[in-house]
Amino acid sequence: MGEWTFPGPNPITSYTVGLLLERPLPAAVIRQISGQHAHFKRELPRRTEQQAITFQVGASPGQQPRPELGGVTFDYLKPDGGTRAALAVNQVAITYMVAEYTRWAEFWPVAERLLTVVANIALSEVPIRGFLLLANNRFLWSPGEVEVTALIRRDPTYVAPHILECHAQGHSIHGYTIDLNDPAGVRTDNIFCLLGTTDEGPFLDLNFNLQLRLGTVVTTGKALLESVEGRSRPLLEETLDMLHNTNKSLLREIVLESVVSKIPGLPLPC
Numbered sequence: 064m065g066e067w068t069f070p071g072p073n074p075i076t077s078y079t080v081g082l083l084l085e086r087p088l089p090a091a092v093i094r095q096i097s098g099q100h101a102h103f104k105r106e107l108p109r110r111t112e113q114q115a116i117t118f119q120v121g122a123s124p125g126q127q128p129r130p131e132l133g134g135v136t137f138d139y140l141k142p143d144g145g146t147r148a149a150l151a152v153n154q155v156a157i158t159y160m161v162a163e164y165t166r167w168a169e170f171w172p173v174a175e176r177l178l179t180v181v182a183n184i185a186l187s188e189v190p191i192r193g194f195l196l197l198a199n200n201r202f203l204w205s206p207g208e209v210e211v212t213a214l215i216r217r218d219p220t221y222v223a224p225h226i227l228e229c230h231a232q233g234h235s236i237h238g239y240t241i242d243l244n245d246p247a248g249v250r251t252d253n254i255f256c257l258l259g260t261t262d263e264g265p266f267l268d269l270n271f272n273l274q275l276r277l278g279t280v281v282t283t284g285k286a287l288l289e290s291v292e293g294r295s296r297p298l299l300e301e302t303l304d305m306l307h308n309t310n311k312s313l314l315r316e317i318v319l320e321s322v323v324s325k326i327p328g329l330p331l332p333c
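The numbering used here numbers the first residue of the sequence shown as 64 and each following residue consecutively.
Right under this line is the structure:
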């Protein structure tokens, strides 16, 4: 009889946290952020700037579009050329991603420091509208015919039940919104489930895209990065920790306890 496994300490193939901006970040601010590379060059040695093309409405005939800086990425590559970690800034978001996630206690201090450097600069021009967390998980099957019911609960609230009957390919996409009071805003949860096959065999990807759109934008570094009256922890830390725990709860509610029990840092509900 086959079973679902994951090759690393956990099934996570990439983990991303970030900030959503209220309006496009000006090219001059992106260039200022690009100039901060020295602050984290040791851990993210490569810098890549992305150009954006600006078209002027009502421009005279023959006038060429003007290239501007549209984004910058600081990253660290694996020996095979894949991305191990990356801090990315574009006109609408600031994100930090790792492909080798171990546990939150190791991931968050680095993510917090990098996001803090960039957010302090971005907030000089553009308010922050929200937060995001993306978690991608991959489970591998062997040997024999795939049994999705050996991984996904038989009463899946967040996955289309028909995928339990699939043995080769299938996918499920589900999303919904939840109103929150603290912090005030609307959280959107999107759950993607994909069953497929590669040269290495069958796999099932379970990916989460969580976004919180705040009711009131954040306009200062103090409001985002410091503990203020009525809040024991900074808004950045508290909110992304909440999304982190939401991600874990969703995974526990979708995946069978027999598999969940093998994932470090993902205790079963009491």
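All residues carry an ideal CB built from backbone N, CA and C; glycine is no exception.
Asked	Found
Run the CB neighbour count on C333, radius 10 Å, all protein chains shown included, and call it buried at 16 or more, exposed below.	The predicted model places C333 with a pLDDT of 46, which falls under 50 and marks its position as unreliable; any figure quoted below should be read in that light. Under this definition C333 is an exposed residue.
Could you tell me which whole beta strand (DSSP E) segments of length 3 or greater appear in the region 80 to 160?	109 to 117, 129 to 140 and 146 to 153
Who pairs with C256 in a beta bridge, going by DSSP?	S235 and L269
Which residues does DSSP pair with T261 in a beta bridge?	G264
Apart from the five residues just before and just after L88, which ones in its own chain have a Cβ nearer than 8 Å to its Cβ?	V152, N153, Q154, V155, A185, E188 and V189
Identify the continuous alpha helix (DSSP H) that holds A168 and give its terminal residues.	W167 to A185
Where does G71 land, buried or exposed, given buried means 16+ other C-beta within 10 angstroms?	exposed
For A182, does the count of other Cβ atoms within 10 angstroms reach 16, so buried, or fall short, so exposed?	buried
Just to confirm the assignment, what range does the beta strand (DSSP E) spanning R192 have?	I191 to S205
With distances taken between CB atoms, is the gap from D268 to R201 smaller than 8 Å?	yes
For the putative contact between G133 and A115, defined by C-beta atoms under 8 Å, what is the C-beta separation to the nearest angstrom?	3 Å
Pull up the distance between the alpha-carbon of T79 and that of E208, whole angstroms please.	33 Å
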